[in-house]
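The structure appears below as structure tokens.
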Amino acid sequence: MTKIKQFEIEQVKTAWCPGCGNFMILKALQQALKELSLKPQQVVIVSGIGQAAKTPHYLNVNMFNGLHGRALPPATAIKACNPELTVIAEGGDGDMYGEGGNHFLHTIRRNPNITHLVHNNMVYGLTKGQASPTSEFGFKTPVQTDGVISEPVNPLALAISMGASFVARVFCGDTKKTADIIKKAIQHSGYALVDIFQPCVTFNKVNTFKWFKEHTYDLEDHDSHDRNQALKRAMEKEKLPLGIFYQNEDKNPFEQQLSVHENKKTPFIMRELNRQKLKELLKSKQS
Amino acid sequence: MTKIKQFEIEQVKTAWCPGCGNFMILKALQQALKELSLKPQQVVIVSGIGQAAKTPHYLNVNMFNGLHGRALPPATAIKACNPELTVIAEGGDGDMYGEGGNHFLHTIRRNPNITHLVHNNMVYGLTKGQASPTSEFGFKTPVQTDGVISEPVNPLALAISMGASFVARVFCGDTKKTADIIKKAIQHSGYALVDIFQPCVTFNKVNTFKWFKEHTYDLEDHDSHDRNQALKRAMEKEKLPLGIFYQNEDKNPFEQQLSVHENKKTPFIMRELNRQKLKELLKSKQS
Amino acid sequence: MFLLPKSICLAYGERSNSIQIRISDHPVQAPVRRIDLLIPLDKDAIAHVSDRLSKSTIIIGDREKFDTDREVVDVSFSNMAKEIGNIIFANTIAVGLLLGLTEGDIKEGKQFLKNYFTLKKKEEFIPDNIRALEKGFQEATRLVKEKHIDPDKFLHMKKSKEIKDDLLINGAEAIGFGAIAGGCNFISSYPMSPSTGVLVFLSQHAHEFDIISEQAEDEISAVNMAIGAWYAGARAMVTTSGGGLALMTEGISLAGMVESPMVIHLAQRPGPATGLPTRTEQGDLQLALYAGHGEFPRIILAPGQIEEAYEVTQKAFYLADKYQVPVFILTDQYTMDSYYNVKEFSVPEGKIDRFIIKTDADYQRYSLDTDNGITPRGIPNHGEGLVRADSDEHDENGLITEDMEVRIKMMEKRNSKLNDFKKEAFAPNLLGPKDYRVLCVGWGSTYHVIKEALDKLNIPDAALLHFKQVYPVPEESIKYLRKAKQIISIENNYNGQFAQLLEISTGISIETKILKYNGLPFYSDELAEEINHAISEKGGQK
Amino acid sequence: MFLLPKSICLAYGERSNSIQIRISDHPVQAPVRRIDLLIPLDKDAIAHVSDRLSKSTIIIGDREKFDTDREVVDVSFSNMAKEIGNIIFANTIAVGLLLGLTEGDIKEGKQFLKNYFTLKKKEEFIPDNIRALEKGFQEATRLVKEKHIDPDKFLHMKKSKEIKDDLLINGAEAIGFGAIAGGCNFISSYPMSPSTGVLVFLSQHAHEFDIISEQAEDEISAVNMAIGAWYAGARAMVTTSGGGLALMTEGISLAGMVESPMVIHLAQRPGPATGLPTRTEQGDLQLALYAGHGEFPRIILAPGQIEEAYEVTQKAFYLADKYQVPVFILTDQYTMDSYYNVKEFSVPEGKIDRFIIKTDADYQRYSLDTDNGITPRGIPNHGEGLVRADSDEHDENGLITEDMEVRIKMMEKRNSKLNDFKKEAFAPNLLGPKDYRVLCVGWGSTYHVIKEALDKLNIPDAALLHFKQVYPVPEESIKYLRKAKQIISIENNYNGQFAQLLEISTGISIETKILKYNGLPFYSDELAEEINHAISEKGGQK
Ligand SMILES: Cc1ncc(C[n+]2csc(CCOP(=O)(O)OP(=O)(O)O)c2C)c(N)n1
Ligand SMILES: Cc1ncc(C[n+]2csc(CCOP(=O)(O)OP(=O)(O)O)c2C)c(N)n1
Ligand code: SF4
Ligand code: SF4
Ligand SMILES: [Mg+2]
Ligand SMILES: [Mg+2]
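So the protein lines, in turn, are chains A, B, C and D.
Under the working numbering, read the first sequence as residues 1 to 287, first letter to last.
Under the working numbering, read the second sequence as residues 1001 to 1287, first letter to last.
Under the working numbering, read the third sequence as residues 2001 to 2542, first letter to last.
Under the working numbering, read the fourth sequence as residues 3001 to 3542, first letter to last.
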């Protein structure tokens, strides 16, 4: 293993196809972490399974690469047990909005101070090209032979309507802006969603680099503290805005509301059982 | 078993507490079915597990009482296999928005022509009073001893933002209106959500009959075809509007998009394997 | 019950709304089929237990309510309760009546009510309940005075020093106490009968013991959260029942692969599917044994007594942490909801050993440089290293690999982790003569009931072998089973799941099985008959 | 492959990006360890298989690319491919080369390419692929001419009438065909390697055969949808792998309780957790056996041949419908992705028997008035009755009950449903001498490889007993196992799961196990050695 000085691993061999948007996301994430001057030891990336979810294998941080669709619950728990860690949950659109949809809903409700990065390539990459929850209506695949007949998930509208405290969308083609918004998401205190448009050059021949370029534009003149407006912008369909849609700094994060962190900051492994109280509680059960 | 003439079962013995709002919902549902002149044999109620989910035991219809949280997938499949059935999915707030949250999301996306009745008592009744996803902030229970610290799900806003084609909320205290809106939901072609405020007299001492009366009002002067407005109304918090928030008649239901129903209307059990085509397909694999 | 100072008692929810109380002048911890005194409070109660009534059963209740040929000593519970203000007070009146009949101490009864409602922060209920208790007590006096009832038919309760310091708790509380004593500081679960008691207990005491208690959106989230919590340094558990465990299956496999410790409390109820949510069964042993795809080691403990529930739960956290494997605690509705008094529990001394190291910069989470398969666990930001947990097959650093040699090594590493555990395994408990011919085999919640049945039968060459560790099957088992001429496996399920496990683990076949699967626990009197029958059928021979 | 008219071939994805082709003048359907000709296309390919190379292995490739001591016959695949326009054409060039070396018919090769891309609606790829094929073919001629290679080292392919009508399909297609032939008209699944092929196959042919194919949001939805579909009258299935099955566990229990038919195709891959997604294993037998809380019957089939995959899948729908139980089809990545030619499949004649009745007004879904536990199924709106399926314990009408007598009857009803199945069970297949001393036991995908290994060894008293029905263990098994002096269980897993199942089912212990768990299938040559070794160790004795 290389020395843990920075977030890049030297000579990393990825499983990604040449030209895949994931490389740009990896770079943007490394950039953001570097700019935040975090120590690799402080950062935990929790991921599911998929091409996107392989990202933590390719940079120098703590990693919890769990099950497909299940990154958010461990991420929430890790942050709850050690609020000093910077916790990022990362995965694909299938991972996070399909298999993991229920955790998406309920993590928004909890509002833990974690960053949620979703590589949205509108397809299942790793399993070779089936429709994902964000695939567009009519998108044809070997399984959806007549094209997708379900309405795609709009993760931004969903998150804003559920009261998420930071909601953004970026296109990985703009690495600088991607890095910048990831940075802001990490800095945000509370749950922060960054939906990242990512071309899959192998299995999505519709939503290509070119397509994303042509179908997106930067949010401007937008008050990211106005929830109704944020929702409206999130529901735009013709051209898809990029940027921070919504931000609410006043929501208390999940782990800060837990009584365990109220008086003590000691990490869990340093804590000891309160034997005296246990004895007292046992005594209270004397018949 | 009593004769299947109407939807009431004579001398039914429910497992519900005296005074529970579920009785009113049962009555409203029976009323709605009767007014629609449906035959009991045509109706299938699919439910999960919980006090609410026991409803189909207490009326004369076909019943698929499945697993906690899992009513929507079988309901969707039943409708897909036999579009002539009137399919209703019914359960509690925990059932449908907690355990079953992911199916809620994705059923909205599919838009099957089913009716979704959620008894929303803001608590887990059957398991004796833990918080549900709709429990209010601060609601205390034996598990949430410091009160709920997560933001409650707003099922209406969620459904509207996801593109649900019929979204309503009622209070079971008004049986007539409840019956009326259930009827409209059944008549609606596509997925129809009716979130039903229901007091749990045993485990929810906060959101009582009185509370619901005082905290709700009827939606008036509202254009239920304006999605942005519907969303705004759904997000109101001080007083909670009741009625049909949103309705979109132009969405093609899931099962009507399936090729199997395109040319034939024969029920599945009547269909036969096309042996000729199978022989041909096998032949195409000759090496 | 709380007023049974010279006796031991047992109670459990037998119908949705019934409770069995057994009072004796010597310790008893098992239910019996026989009913001496029945106080039916609702219309159907007599019918529900009709097959358990004998000629000598006394029935006390609202006579006019019941459509029965049997003699009912008339006490108008409903009217009395309504006088106090609500039909629900009938319960407390019945307790008062029982207290009166057994000549218990009403002062202590009142004190109990005060404490109970104060603890629940429902002080407003105290006065009416005390009135109800008194009413019942007086009613007992009347019944005796008016000769409706012969007081000598009842045990008279006297205070006893011997059990003065005993604890009166149920199985759910014992598991909760065991968890706290085992250093548990994280529980994530989804409510499910009969397992919820443990979640409630730990939530109630979260402040005192610095526990994070989170109700998850579903069981999948619960188990994945708990694994995350272990990863970050907590001692975490989940509590659930069969359906919930079914949903946790994939997460259990994750724990197996990332080599995470995990503690899973599984309170069984009758299945399949929703089954009988408020009844009892031992039907999910095989589910616990094989839950999770792929092959990895696990430990399954099944306490037979309330004391053991405390003991094995505490130990479960230690074992999980030490061996980095999932540890199951298998109980059932019967265990969860039964109370009896037990001797005071000892509180562990000394620091809790966490088996966690402060990492160096070159830390490898899955280093193969170990001779027992166990690589010391690191925790993020505790030391200079990085901690990489991976659900794919991985190399020593926790990075995904397809190297076949590494695959083989990792499979062997994971599956050898319990080799050392044998030394500290829980041996099965042999009760009765060492030179038995007949060996009754039980596991989990049937301990007391088999013991009592055998005590009743008093067959000189019959013994009980009880397992509180059901998997890995303890090595001593073979020795014990070999010695028996007839083995009788007793299980609260349909297929005799533990007998099957014993058979594959020991190669010894078990022909006699006593199985009960109607949702109720065994009764010691009924079981005694069945054992007797089984022995006479085979003559105590194989 | 497609051009091997006088031979049978087998291919499977052995690395993420490698394929093994075996060509022979007699039928072969098993992989071997030995490599005669290696065409490495990427840098690491030689290292990946280095332990399988012998002195006589010929390597053909871009010599400068490889850092190896071995002799490499230089063919510049990359340059040639780039000339055509893209590095991916290297594959087709390699095929052309192989075709040339074996003197195959280039015309048929071209025709295949045309058909293949036309079917995929990628006609634009045809011309370049044909050019690539030709290039490779010519290159073979050059190699022979310039004496870089001795053409006599290769089998020369000739057309054969015998196999003219054979089908060339893989396991995934065979399962798909079987499903169609079995009347499947509903599939709901979530993609997961290596099971997705079946979902894709049925989706591709949904129009022709009136199939609803729905990609669910997760596996939980998939299994619950499929049960709903059966309820409404469809013949439904799910296809998944271990992690997905883990998530379906609760749904399987639901099928058990509501007595729904269900067909579950489980394509195994190495676990635990994510494991090795593109590799093979037989590690989830016990998961399939015990998935689901509570106790209910099930059937598990495990085809050993492509023909059997077709046969048992078809039968699975019949059995599920008839016995109202979940039926598993257990395959693995090896089966899914392997191709070889097989004789034409027969298409079932006559109406598919649905075992469904038109209901009367007093229809009871769980009527106990049956002597085999099976109540005829009704379907909503088909007749006058109501159809009530309930996951709680229920009465004959499907209404929730807590009646203990009914509970017992329903448990016994459900668990007796397979009593009649014995008559139509799939007996195990005995290959080799009837008077064997050594009996090799296999199940599922190992059929051909064990058979070939035994053929190679040619030991007069060794036979193969292969199970395509693994549960319930067929009754004949005892008879077969008893006869053997030495039983050798051969499984692609770590724990010898089937051997354990045989032991509990027959009481016969199996001491010799040959297990492989590195993610690869057995090789017949390697396996022959191991069998030989196992026999000589024990001398063919118990
Ligand atoms: C329980 C489970 N179901 C299915 C899979 C198979 N699987 C792995 S990744 C994946 C989807 C990949 O799509 P996405 O999450 O969008 O990631 P991408 O590869 O596109 O980055 C699936 C279905 C799995 N590993 N586990
Ligand atoms: C998989 C699973 N988890 C948990 C349960 C236990 N359970 C039954 S009903 C219920 C919640 C009931 O709340 P809700 O859905 O709101 O219905 P209500 O009783 O309030 O009408 C729970 C947690 C279960 N049956 N299955
Ligand atoms: S399949 Fe798509 S998402 Fe995956 S690595 Fe290749 S291009 Fe990227
Ligand atoms: S617990 Fe609540 S929801 Fe359930 S029946 Fe009683 S009052 Fe109704
Ligand atoms: Mg994707
Ligand atoms: Mg509720």
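All residues carry an ideal CB built from backbone N, CA and C; glycine is no exception.
- In this structure, ligand 2 has a non-hydrogen atom nearer than 7 Å to the beta-carbon of Y2190(C).
- Exposed is the label assigned to P18(A), since fewer than 16 other Cβ atoms lie within 10 Å of its Cβ.
- Within the stretch 1143-1205 of chain B, complete beta strand (DSSP E) segments of at least 3 residues are found at 1166-1171, 1192-1197, given in chain order.
- In this structure, DSSP gives P2326(C) an extended state, which the three-state scheme calls strand.
- Here G2378(C) is not near Y2366(C), since their CB atoms are 8 Å or more apart.
- In this structure, S132(A) has its CB closer than 7 Å to one or more heavy atoms of ligand 1.
- Counting C-beta pairs with one atom in each stretch, the stretch 3422-3441 of chain D and the stretch 3463-3478 of chain D have three or more that are closer than 8 Å, which means they touch.
- Nearest in C-alpha terms to H1225(B), of all of D1250(B), L1258(B), V1201(B), is D1250(B).
- Under the Cβ criterion (8 Å, minimum of three pairs), the stretch 1026-1040 of chain B does not count as touching the stretch 1064-1079 of chain B.
- Taking a cut-off of 8 Å on C-beta distances, the stretch 36-54 of chain A touches the stretch 83-99 of chain A, as three or more cross pairs fall below it.
- Residue pairing for M2237(C): DSSP places it in a beta bridge opposite I2187(C), V2263(C).
- In this structure, E3259(D) is the residue among L3439(D), E3259(D), A3309(D), D3332(D) with its C-alpha nearest to the C-alpha of K3413(D).
- With respect to E3281(D), N3492(D) sits close: the two C-beta atoms are nearer than 8 Å.
- Neighbours of K285(A) in chain C, taken as residues at a C-beta separation under 8 Å, are given in chain order as L2167, L2168, I2169, E2173.
- About 11 Å separates the beta carbon of G2061(C) from that of I2093(C), a gap too long to meet the 8 Å contact definition.
- Around L3245(D), the beta-carbon contacts reaching into chain C at under 8 Å are H2293.
- At least one heavy atom of ligand 3 falls within 7 Å of the beta-carbon of C20(A).
- Under DSSP, M63(A) forms a beta bridge with I45(A), R2388(C).
- A check of alpha carbon separations from Y3190(D) across L117(A), Y124(A), A89(A), E262(A) identifies Y124(A) as the nearest.
- Listed in chain order, the alpha helix (DSSP H) elements of length 4 or more contained wholly in the stretch 3039-3067 of chain D are 3045-3048.
- Taking the Cα positions, K128(A) is about 49 Å away from H2207(C).
- In the assembly as shown, R2269(C) is a buried residue. Its beta-carbon has 16 or more other beta-carbons within 10 Å.
- Look at L2289(C) here: in three-state DSSP terms it is helix.
- Think of a sphere of 8 Å around the beta carbon of P142(A): the chain D residues whose beta carbon falls inside it are V3200, S3203, Q3204, in chain order.
- In this structure, G2096(C) lies near A2132(C), with their beta-carbon atoms less than 8 Å apart.
- In the DSSP assignment, P2297(C) falls outside any alpha helix (DSSP H) and carries neither an H nor an E.
- Taking the C-beta atoms as reference points, I196(A) is found no nearer than 8 Å to V148(A).
- Look at D2332(C): its C-beta is not under 8 Å from any C-beta on chain D.
- When distances are taken from the beta-carbon of I3400(D) to the heavy atoms of ligand 2, even the shortest one reaches 7 Å or more.
- Runs of the beta strand (DSSP E) lying entirely within the stretch 3467-3505 of chain D and spanning at least 3 residues, in chain order: 3469-3471, 3486-3491.
- Below the 8 Å Cβ cutoff, chain D contributes E3295 as neighbours of N2493(C), in chain order.
- A distance below 6 Å between beta-carbons, with the five flanking residues on each side excluded, links E3526(D) to the following residues of its chain, in chain order: R3033.
- For G50(A), the distance from the CB to the nearest heavy atom of ligand 5 is below 7 Å.
- With respect to the C-alpha of I1088(B), the residue from G1101(B), C1081(B), N1102(B), A1071(B) having the closest C-alpha is A1071(B).
- With respect to chain A, the C-beta atom of Q1130(B) has no partner C-beta closer than 8 Å.
- Distance from the CA atom of H1215(B) to the CA atom of K1013(B), rounded to whole angstroms, is 32 Å.
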